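Take a look at the structure below.
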Amino acid sequence: MKTITNPYPECDYTRKTRALSDAVELLQGKWKVMIIAVLGCRGRKRFSDLQQEITGIGAKMLTRELQTLEMNQLIKRTVCSTKPVTVRYEMTPYGQTLLKIVLELMDWGIAHRKHIMSPTLSVNSL
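When we follow full-length UniProt numbering, the leftmost residue of the sequence shown carries the number 1, and every step to the right adds one.
Given below as C-alpha cells:
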C-alpha cells in the first residue's frame, strides 16, 4: 500500500487550515458565492437586478449578504443621486481575486452533475 505524505509541515498545515476556515466562514451559505458569480460574470448590478437574477433570495437576505460582502471589501456599493435613488453593486479588485475560484467551482459543478447523472455510474465504481 502506498503511503501518502502530507506535503505541508505541521505548522504550515495548521496555518493553512485556519485560513481555509476563515474563507469558508466568509463564504458560507448559498447566496454569497452566487452574488459573487453574478457580479463577477455580469458586472455592476442594481439591487433589484440582483434579486431577479438570484432565484429564491429575499430582499432581507440579499441586503444582509451584500453588507457582509461589502464589509469584507469584496464588493463596492455606490449610491447614485438619481430620483429615485439608485444603488449599484460591483466587484472590487480584491473581490475579483475570488472570481477565478468561483469559475473553477462552476466548472467542477458542471462536471460533477455530468458524473452523477451518467447512466454507467454505479455504487461499486466509486
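Each residue gets a CB set at the ideal place from its N, CA and C atoms; glycine is no exception. Values in this document were obtained by computation on a predicted structure and should not be read as measured data.
Cβ-based neighbour list, residue i, same chain, cut-off 6 Å, excluding 5 preceding and 5 following
{"i": "T78", "result": "R88"}
{"i": "R44", "result": "R88, E90"}
Test item: CB-CB of residue i and residue j under 8 Å
{"i": "I36", "j": "L74", "result": "yes"}
{"i": "T86", "j": "R42", "result": "no"}
Backbone CA spacing between residue i and residue j [nearest angstrom]
{"i": "L66", "j": "E104", "result": "22 Å"}
{"i": "K83", "j": "L98", "result": "34 Å"}
{"i": "M71", "j": "I116", "result": "37 Å"}
{"i": "D22", "j": "S81", "result": "36 Å"}
{"i": "K76", "j": "M91", "result": "6 Å"}
{"i": "G95", "j": "P119", "result": "39 Å"}
Selection from the options that minimises the alpha carbon distance to residue i
{"i": "G29", "options": "R64, W108, K76", "result": "R64"}
{"i": "K32", "options": "K114, H112, I54", "result": "I54"}
Proximal residues to residue i (C-beta, below 8 Å), its chain only, five neighbours per side dropped
{"i": "D49", "result": "none"}
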